[in-house]
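To start, the structure itself, in structure tokens.
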Amino acid sequence: MMEQASVPASADVPSPESLADAFYVYDVEETDDGVRYYGEPMAEKDSVVQQLGPLFRERGYRVQLSYETGEYVLEATERSTSIDGVPWTNVILFLATVTATLLAGSRWYGIDVASDPAAALGAWPFALSVMGVLAVHEFGHYVFSRYHDVQATLPYFIPLPFNAIGTLGAVIRMKDNIPSRRSLFDIGVAGPLAGIAATVVVAAVGVALPPIQAPEGSLVAQIELGYPLLIQGIAALLGEPLSYGPGQMVNPVVVGAWVGAFVTFLNLIPVGQLDGAHVVRALVGDRMGRVQQVVPLLLFGLAGYLVAFEGGRSASIWVLWGFLTLIFSRAGNARPLDESSVGRSRQAVAALTLVLGLLCFTPIPFSFTP
18 MMEQASVPAS ADVPSPESLA DAFYVYDVEE TDDGVRYYGE PMAEKDSVVQ
68 QLGPLFRERG YRVQLSYETG EYVLEATERS TSIDGVPWTN VILFLATVTA
118 TLLAGSRWYG IDVASDPAAA LGAWPFALSV MGVLAVHEFG HYVFSRYHDV
168 QATLPYFIPL PFNAIGTLGA VIRMKDNIPS RRSLFDIGVA GPLAGIAATV
218 VVAAVGVALP PIQAPEGSLV AQIELGYPLL IQGIAALLGE PLSYGPGQMV
268 NPVVVGAWVG AFVTFLNLIP VGQLDGAHVV RALVGDRMGR VQQVVPLLLF
318 GLAGYLVAFE GGRSASIWVL WGFLTLIFSR AGNARPLDES SVGRSRQAVA
368 ALTLVLGLLC FTPIPFSFTP
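Laid out in structure tokens, this is it:
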């Protein structure tokens, strides 16, 4: 009879014997931050982590199952929700994105940064509005990750120099097993709801600010934004316009609110690892696959409608996102350890989030005028 492997005495991890119902272990290797168990799944591969995750989690480890060079490896890694040292990557990306949004804002304000680079600081209201909405969105995720004791990174901002908004948004990474559907739902929905709240504030401030002179001959002067119902409603409530006469345009802070609404809607698309996928996966469980199959069809259908009835305006955006959703869906969805229902209160929050998400949608986000 083969003797089963044992764990190193220095590691406070479950013994191979305690895993036997789900994973038979024939070798164990200690790593710098955990333990690797080599063996064979004794249950469906997808359910091994769900069965064993709570056992490791209570000892301070996260676990994942992989197949390497012809054998299965169950890898347990120490969990930590603390931040060790200065997160230089996050800091550098943040500063780069601030710089990129200042440069983008200078285009909206008509600031000549070529002759005076320091003048880009005059675009701080635009940069603050964009960065503020994105930061509030991502820290919504981060706060609820900490609340549910899920290891997550600080936000990684993504700079995009030399364009109209200066950024592709921001992301955080959850580097942990998700304890339950409830925690997955809370973490997923917190970002969009926080982002929408920030967008409302930025929109209210933006529409109350005076319009600016449209920069002549610039690319931004040719951009016509399509405002979602959320921003239209705020402007109407405050009695402020969203369009002005020739030579004038809305204050660029309103553009920051537009960015917040557009990013929120895109994040709520239920595919892959987007926020909407976390929320819907928490609600419907394994039926998530059917939802993901419908999403690209809807986006391609929207693009077709715009080609047929709106002269093709913004159709390319939804074609692009149709293909992106096909790619994102291949990344899989977060799989919580506990598949218990989220309950009626969270279902009500989901319904509210759906309504708010639709208020952030516009079929023609932007187009170019001759």
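All the letters of the sequence shown, read from the start, carry residue numbers 18 to 387 under the numbering used here.
All C-beta atoms, glycine included, are put in the ideal place defined by N, C-alpha and C.
Asked, Found
"When the Cα atoms are used, what is the spatial distance from G208 to A274?", "15 Å"
"For A252 versus P258, is the C-beta spacing smaller than 8 Å?", "yes"
"Can you tell which of W338, F340, T98, S358 has its C-alpha closest to the C-alpha of R190?", "T98"
"Determine the burial state of E233: buried for a count of at least 16 other Cβ atoms within 10 Å of its Cβ, exposed for fewer.", "exposed"
"Tell me which residues share the same chain as S162 and place their Cβ nearer than 7 Å to its Cβ, disregarding the 5 neighbours each side in the sequence.", "A169, M191, I204"
"Which whole-angstrom value describes the C-beta separation of G289 and A368, a residue pair presumed to lie in contact below a C-beta threshold of 8 Å?", "Not a contact, Cβ separation roughly 23 Å."
"Taking S162 as part of the beta strand (DSSP E), name the residues at either end of that continuous run.", "Premise fails: S162 lies in the alpha helix (DSSP H), 141 to 164, not in any beta strand (DSSP E)."
"Compare the C-alpha of C377 against each of Q249, E61, W105, P71 and name the closest.", "Q249"
"Taking a contact to mean a Cβ-Cβ separation below 8 Å, would you say V147 touches A215 in this structure?", "no"
"Rounded to whole angstroms, what's the CA-CA distance from T386 to F326? Just pull it up for me.", "18 Å"
"Near V150, what residues of its chain come up, given a Cβ to Cβ distance below 8 Å and the 5 sequence neighbours on each side ignored?", "G212, A215, T216, V219, G273, A274, V276, G277, V280"
"Just to confirm my understanding: we take I175, look at its own chain, exclude 5 residues before and 5 after, and list those with CB closer than 8 Å. What are they?", "L110, T114, T184, L185, G186, A187, V188"
"Tell me whether F202 is buried or exposed, calling it buried when 16 or more other Cβ atoms sit within 10 Å of its Cβ.", "buried"
"In or out: T86 buried (at least 16 other Cβ within 10 Å) or exposed?", "exposed"
"Threshold first: 4 residues or longer. Then list the alpha helix (DSSP H) segments lying entirely within the segment 254 to 321, N to C.", "269 to 284, 292 to 301"
"Taking T94 as the reference, which of E46, A136, R298 has the closest Cα?", "E46"
"Taking a contact to mean a Cβ-Cβ separation below 8 Å, would you say L36 touches N107 in this structure?", "no"
"With DSSP collapsed to three states, give me the class of Q364.", "helix"
"Could you check the C-alpha separation between M19 and N284 for me, to the nearest Å?", "Confidence at M19 is low in this model, with a pLDDT of 43, below 50, so the placement of that residue is unreliable and no value is reported for it."
"What are the residues that DSSP puts in a beta bridge with S388?", "The chain is shown from 18 up to 387; residue 388 falls before or after that span and cannot be answered."
"From what residue to what residue does the beta strand (DSSP E) around P58 run?", "51 to 58"
"For the beta strand (DSSP E) holding S83, just list the boundary residues, first then last.", "78 to 85"
"Within 10 Å of its beta-carbon, does M309 have 16 or more other beta-carbons around it, so buried, or fewer, so exposed?", "The sequence shown places Gln at residue 309, rather than the Met named in the question. Under this definition Q309 is a buried residue."
"With S123 as the anchor, note down where its alpha helix (DSSP H) starts and where it stops.", "105 to 126"
"For the alpha helix (DSSP H) holding P71, just list the boundary residues, first then last.", "62 to 74"
"Excluding the 5 residues flanking S83 on each side, which residues of the same chain have their C-beta closer than 6 Å to its C-beta?", "V90"
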